[in-house]
Amino acid sequence: MGSRKSRIPGARAPTLVRVITIAAPREPSPETRVALVPDVVRGLVRSGHQVLVESGAGTASHHPDDAYAAAGAAVVPAIDLGAVDILVHVTPLPAAALLRLRPGAVTLGLQAPLDDADRLAAANARRLTVLAFERLPRTSRAQAMDVLSSQALAAGYRAVLEAAIRLPRFFPLAMTAAGTVPPAKVVVLGAGVAGLQAIATARRLGAKVAANDIRPESAEEVRSVGATFIDVGLAGEAGAGVGGYARSLGRSAAQAQQAALAPHIADADVLITTAAVPGRRAPLLVTAAMVAAMRPGSVVVDLAAAGGGNVEGSRPGVDATVPSARGGGAITLVGLASAPADLPTDASRLYAKNVAGVVALLTGADGGLVVPLDDDIIDGMALTHDGATRHGLGAPPAQDAGVVAPAVTPGGAPAPEHAEPR
Ligand SMILES: NC(=O)c1ccc[n+]([C@@H]2O[C@H](COP(=O)([O-])OP(=O)(O)OC[C@H]3O[C@@H](n4cnc5c(N)ncnc54)[C@H](O)[C@@H]3O)[C@@H](O)[C@H]2O)c1
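Per my numbering, the sequence shown starts with residue 81, numbered consecutively.
This is how it looks when you write it as structure tokens:
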């Protein structure tokens, strides 16, 4: 951490102002996002921070070096990690990079898997504070820093566009002299941040949308964005986890859900799945037979493909074809690998704003780096600090409504209480 003398107007003597050096590296391929964008750099520099950006860091997200330089960053061919106070990133940093940071430095970004032994050991060897966005408390105060939400927003929007471009039909109703084209029917499973955005996007494109989620409050949320709620007849609290999140369904409830969803899916032109349970493999909601029961030409987009998949047979980054049991063609099954990275300009913009929110919490009254573990946000996010791995590696402890319950054991393995019908 550097320092400089500055004369504060009206002050009698020069005051020592400390400076935090924040750096954003070029992300490894295939990541297209970047942790800082020029607009956010401008704000950080205005707040007195020094910002280093590795040359080319913003190229894939269309934020050129010149724009960073104009915003006040030093654009460097390679970051001198030993001189950095806060390294901000999207892709988890390799252990080798952690070992090159100065003792006591902070890293801030996505860190999954949170229990990577090599990275934790490297971080502790350098007494680093590793802050994981995955462990940010989902509280009202933390919303401006909520990377999971900002990136889920991008993912939900992108999922609908991926479906629309592959669907051999219109989304909206079209009444023309040549006849009437009915609107596409879209089913969305999982109505969290990504699912609600997918519903809203499909509605804006003119589709008829129905959706299901297992949290009791989701029915009202689904209706509020203009979709029909598919009631699968779950007993009130069957899908309710702690703090407003879902829990894994038991086997019989999951089978009942599949049976109730099957006719809706068979009748849909597009199925978009976004379901997740914090700390666990994505629940399998749709079997291969349920996909095959759809009409030829229909499209399934599985946003959870990288987390194990909501749809049997989906693979991240792969478009598969599933022969329709009705004959006459196939269904396209799209496994999205990293949907936010397909919208890198805006996804990076939102990510960088989230980053700046956390940096503000790490800035002391004198402008220097602080790690306030008595702040629930920093406490929740800190995987390591001062040579030790901190409490639990799952989701952060409950804070207020809309909070993730830790659904993993201290070792990071999924708790075994509920089996998924795979
Ligand atoms: N700051 C905040 O207060 C805050 C921030 C973000 C989200 N939230 C709330 O947290 C909740 C979930 O948000 P998320 O998008 O991060 O969730 P998520 O990514 O963990 O899960 C996505 C959705 O999948 C659903 N789901 C899980 N299992 C399912 C199943 N078997 N069948 C159908 N759906 C299933 C979940 O209920 C959730 O809505 C929402 O209520 C959201 O409003 C609160």
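Glycine included, each C-beta is placed from N, C-alpha and C at the ideal position.
Check: residue i C-beta below 7 Å from any heavy atom of ligand 1
i           : result
residue 292 : yes
residue 45  : As shown, the chain starts at 81 and ends at 502. That puts residue 45 outside it, with no answer to give.
residue 274 : yes
residue 361 : no
residue 358 : yes
residue 354 : yes
residue 325 : yes
residue 270 : yes
residue 130 : no
residue 230 : no
residue 331 : no
residue 226 : yes
residue 218 : yes
residue 191 : no
residue 335 : no
residue 365 : yes
residue 303 : no
residue 506 : In this structure the chain extends from 81 to 502, so residue 506 is not present and cannot be described.
residue 394 : no
residue 298 : yes
residue 295 : yes
Per DSSP, cross-strand counterpart(s) of residue i
i           : result
residue 464 : 210, 469
residue 130 : 101
residue 309 : 291
residue 155 : 133
residue 275 : Residue 275 is not bridged to any residue.
residue 265 : 288
residue 189 : 212
residue 245 : Bridge partners of residue 245: none, in fact.
residue 458 : The partner list for residue 458 (beta bridge, DSSP) is empty, contrary to what the question assumes.
residue 168 : 188
residue 256 : 259
residue 326 : 320
residue 443 : 449
Residue j beta carbon less than 8 Å from that of residue i
i           : j           : result
residue 389 : residue 351 : no
residue 294 : residue 326 : yes
residue 355 : residue 269 : yes
residue 132 : residue 166 : no
residue 453 : residue 462 : yes
residue 232 : residue 273 : yes
residue 172 : residue 192 : yes
residue 46  : residue 242 : Nothing about residue 46 can be reported from this structure: the residues present for the chain run from 81 to 502 only.
residue 203 : residue 178 : yes
residue 368 : residue 402 : yes
residue 209 : residue 451 : yes
residue 148 : residue 155 : yes
residue 251 : residue 285 : yes
residue 406 : residue 358 : no
residue 283 : residue 264 : no
residue 124 : residue 439 : yes
residue 466 : residue 207 : yes
residue 150 : residue 424 : no
residue 353 : residue 391 : yes
residue 348 : residue 267 : yes
Burial state of residue i, where buried means 16 or more other Cβ atoms lie within 10 Å
i           : result
residue 541 : An answer regarding residue 541 cannot be provided, because it is not within the stretch 81 to 502 covered by the chain.
residue 471 : exposed
residue 338 : buried
residue 142 : exposed
residue 490 : The predicted model places residue 490 with a pLDDT of 28, which falls under 50 and marks its position as unreliable; any figure quoted below should be read in that light. By the 10 Å Cβ count, residue 490 comes out exposed.
residue 100 : buried
residue 311 : exposed
residue 130 : buried
residue 458 : buried
residue 437 : buried
residue 297 : exposed
residue 225 : buried
residue 104 : buried
residue 214 : buried
residue 110 : exposed
residue 271 : buried
Proximity test, Cβ basis, 8 Å: residue i and chain C
i           : result
residue 176 : No chain C appears in this structure, which consists of one protein chain only.
Report task. Please go through the segment 342-368 and give each complete beta strand (DSSP E) segment of 3 or more residues, from N-terminal end onward. Result -> 350-353
Check your understanding: At which residue ranges does the segment 356-427 contain complete alpha helix (DSSP H) runs of 4 or more residues, listed in the order of the chain?
Key -> 368-372
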